[in-house]
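Colleague: Submitted below is the structure of interest, expressed as structure tokens.
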Amino acid sequence: MTASPVPTSAGTASEFKLPDVGEGLTEAEIVVWRVAVGDTVKINDVIVEIETAKSVVELPSPYAGEVLALLVEVGQTVEVGTPIIRIGEAGAAAPAAPEAPAARRGPEIIDTNIPPTGQATLVGYGPKQRDLKRRARRGDAPLRAVPEPTPVAAATPAPAPAPDRAASAAAVRALAKPLVRRLARDLGVDLASCTPTGPRGTVSKDDVLAAVGASAPAASAPAPTVQIRRDAAGRETREPIKGVRKQMAAAMVASAYTAPHVTEWTTIDATATVQLVERLKQRREFAELKISPLLIAARACVLAMRRSPLINSSWDEAAQEVVVKHYVNLGIAAATPRGLVVPNVKDADALSLPELAAALGALTATAREGRTQPADLAGGTFTITNVGVFGVDGGTPIINPGESAILCLGAIKKQPWVVGEEVVARDVMTLSLSFDHRHIDGATGSRFLADVADLLADPATALLF
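Positions 62 to 526 (the working numbering) are the ones given, in order, by the sequence shown.
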């Protein structure tokens with residue numbers, strides 16, 4: 062992802078064009094500006110949040126200098142290639158502002174592969190540079206009111222950099238891999254407070270986990286920008302269908318009318334799983350991690366796939382092939398204010414139980430904040446949806462597009478259960494599995510569901526897999 066600079070007549074300003082943030086997306090909505098006209102920004106400072114059809118994404122600045130103009134208003138949807146901000150030398154006069162781009166106009170053709178001469182590369186995109194500056198943490202820059210998209214007048218002096226940017230200098234200098242930075246952000250840990258033990262003085266995952274509890278809470282996501290219309294009597298409201306919600310609707314319709322769904326149910330005594338969860342909470346390896354029956358169910362699904370690999374496959378209509386995946390990208394359906402998203406844990410089958418717990422915790426926390434990135438939504442192979450958190454006993458879930466099955470976890474409730482010759486109170490839950498009946502027959506689906514049920518009813522059976 063690169064942006065094409067547009068020099069002014071004096072050669073002192075550049076325009077950042079809306080980039081394609083992944084998967085061929087063609088448009089995005091401006092959710093919130095993290096800067097205002099007159100602010101001073103550095104390369105890779107987060108300047109704006111946009112909502113695509115997949116998620117809300119933070120965009121870092123490819124330029125350093127003063128913000129001369131915001132060219133697109135909050136709530137406006139524009140095509141990839143549309144200039145959205147102008148950045149130049151402090152105090153420089155900006156040219157007359159172009160007319161604000163019309164929403165959904167034809168895309169401008171730009172070269173997204175070769176960065177223009179002299180342009181800095183954004184973090185996570187394009188070739189590496191030796192003097193790469195790291196972007197500030199999300200919480201470093203406060204949200205500001207959005208001014209009209211007009212350029213700064215020549216006589217306007219450049220204000221001093223915001224104090225909070227200076228205060229976060231130590232956090233910016235902390236060295237850490239992107240995944241470690243995300244974990245720190247999700248857990249609310251200031252990287253500057255961590256004692257680095259990784260190679261060349263980098264902060265490792267263990268360093269972040271060790272610092273949990275001593276850092277400030279993570280910044281919350283901004284409220285979604287939705288234009289709601291009410292009728293004159295106030296009896297109805299209308300909300301536009303766009304962004305994540307629009308993508309979710311299209312995906313669910315396509316799945317429901319493409320893959321013939323079959324759903325099977327089973328009710329189990331999950332008392333052993335509930336007891337295991339309580340024991341794990343006492344173990345040192347799981348300190349500060351969220352442990353719940355979802356973690357045990359996730360592990361059970363990964364193990365059960367060893368006996369039923371077709372569950373972890375996809376139907377390739379164009380090639381007329383069934384693609385069996387020898388890795389598990391485990392999706393967790395999450396309800397957010399912007400709609401349903403299904404981020405996935407990559408290579409969940411290769412993770413230990415503590416690692417899987419940490420990954421699930423980071424995944425769900427990021428989803429609730431509305432900050433799941435497109436890469437985390439792509440490539441899922443199997444999904445779990447947990448309706449039990451709402452007190453619901455079960456459901457008939459729709460398969461996530463590109464996958465072949467989805468497991469629904471119901472609520473765990475105390476119910477009468479026959480044990481031997483006695484009726485006793487036990488922790489009971491219902492599991493329901495929907496699968497694609499084009500290539501997964503009843504025997505395969507039933508065997509997988511029965512294996513998951515056995516593992517949750519008696520976690521010790523994991524030794525047999």
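Quick reminder that beta carbons are idealized off the backbone N, C-alpha and C, glycines included. Quick caveat, the model's predicted, so the values are computed rather than measured.
Between the C-alpha atoms of residue 384 and residue 374, what's the straight-line distance to the nearest angstrom?
Modeller: 5 Å
Colleague: Measure how close the beta-carbons of residue 116 and residue 433 come, nearest whole angstrom, since I'm counting them as under 8 Å.
Modeller: 5 Å
Colleague: Which residue marks the beginning of the beta strand (DSSP E) containing residue 134, and which one marks its end?
Modeller: Looking at the DSSP string, residue 134 is not in any beta strand (DSSP E), and its letter there is neither H nor E.
Colleague: Would a C-beta distance cut-off of 9 Å place residue 471 and residue 454 closer than the cut-off?
Modeller: yes
Colleague: Quick check: what's the CA-CA separation for residue 403 versus residue 90?
Modeller: 20 Å
Colleague: Can residue 148 and residue 128 be called in contact, C-beta distance under 9 Å?
Modeller: yes
Colleague: When the distance is taken between beta carbons, is residue 496 closer than 9 Å to residue 322?
Modeller: yes
Colleague: State the start and end residues of the unbroken alpha helix (DSSP H) segment that holds residue 507.
Modeller: 503 to 518
Colleague: Excluding the 5 residues preceding and the 5 following residue 312 in the sequence, name in chain order all residues of the same chain whose CB lies nearer than 8 Å to its CB.
Modeller: The residues are 461 and 462.
Colleague: In chain order, what residues of the same chain lie with their CB nearer than 8 Å to the CB of residue 412, ignoring the 5 residues before and after it?
Modeller: 406 and 420
Colleague: According to the neighbour-count rule (16 or more other Cβ atoms, all chains shown, within 10 Å of its Cβ), is residue 198 buried or exposed?
Modeller: Low confidence applies to residue 198: its pLDDT is 44, below 50, so where it sits in the model is not reliable, and the reading given next is rough at best. Residue 198 is buried by the Cβ-count criterion.
Colleague: Since residue 350 and residue 409 should fall inside the 8 Å C-beta cutoff, what is the C-beta to C-beta distance between them, to a whole number of angstroms?
Modeller: Between residue 409 and residue 350 the Cβ distance is about 15 Å, and since that is not below 8 Å, they are no contact.
Colleague: Roughly how many angstroms separate the alpha carbons of residue 441 and residue 435, rounded to a whole number?
Modeller: Rounded to the nearest angstrom, the two C-alpha atoms are 12 Å apart.
Colleague: Check each candidate in 113, 97 and 391 and name the one with the smallest Cα separation from residue 138.
Modeller: 113
Colleague: Flag this pair as touching only if the stretch 475 to 491 and the stretch 324 to 335 have three or more C-beta atom pairs under 8 Å; answer yes or no.
Modeller: yes
Colleague: I'd like the span of the alpha helix (DSSP H) that includes residue 437, first residue to last.
Modeller: 435 to 438
Colleague: What did DSSP end up calling residue 377 once you bin it into helix, strand or coil?
Modeller: strand
Colleague: For a test of the three-state rule: what should DSSP assign to residue 351, helix, strand or coil?
Modeller: coil
Colleague: Label residue 398 either buried or exposed according to how many other C-beta atoms from any shown protein chain fall within 10 Å of its C-beta, with 16 as the threshold for buried.
Modeller: exposed
Colleague: Given a threshold of 16 other Cβ atoms within 10 Å of its Cβ, counted over all protein chains shown, does residue 426 qualify as buried or as exposed?
Modeller: The residue in question, residue 426, is buried, as its Cβ has 16 or more Cβ neighbours within 10 Å.
Colleague: Mapping the DSSP letters down to three states, classify residue 304 as helix, strand or coil.
Modeller: In the three-state reduction of the DSSP assignment, residue 304 falls in the helix class.
Colleague: Excluding five sequence neighbours on each side, which residues of the same chain lie with their C-beta closer than 8 Å to the C-beta of residue 415?
Modeller: 346, 347 and 350
Colleague: Given a cut-off of 9 Å on the beta-carbon distance, is the pair residue 447 and residue 518 in contact?
Modeller: no
Colleague: Quick check on residue 334: does DSSP put it in helix, strand or coil?
Modeller: Reduced to three states, the DSSP call for residue 334 is helix.
Colleague: Please state whether DSSP places residue 402 in a helix, a strand or coil.
Modeller: strand
Colleague: Ignoring anything shorter than 3 residues or poking outside the stretch 445 to 489, list the beta strand (DSSP E) runs there in chain order.
Modeller: 466 to 470 and 474 to 480
Colleague: Mapping DSSP to helix, strand and coil, what is residue 372?
Modeller: Assigned with DSSP and collapsed to three states, residue 372 falls in helix.
Colleague: How big is the Cα-Cα spacing for residue 244 and residue 353?
Modeller: 19 Å
Colleague: Would you tell me roughly how many angstroms separate the C-alpha atoms of residue 122 and residue 457, rounded to the nearest one?
Modeller: 44 Å
Colleague: Counting only runs of 3+ residues fully inside the stretch 70 to 120, write out the beta strand (DSSP E) ranges in chain order.
Modeller: 74 to 78, 88 to 94 and 107 to 112
Colleague: Using DSSP with H/G/I as helix, E/B as strand and the rest coil, what is residue 236?
Modeller: In this structure, residue 236 counts as coil in the three-state DSSP scheme.
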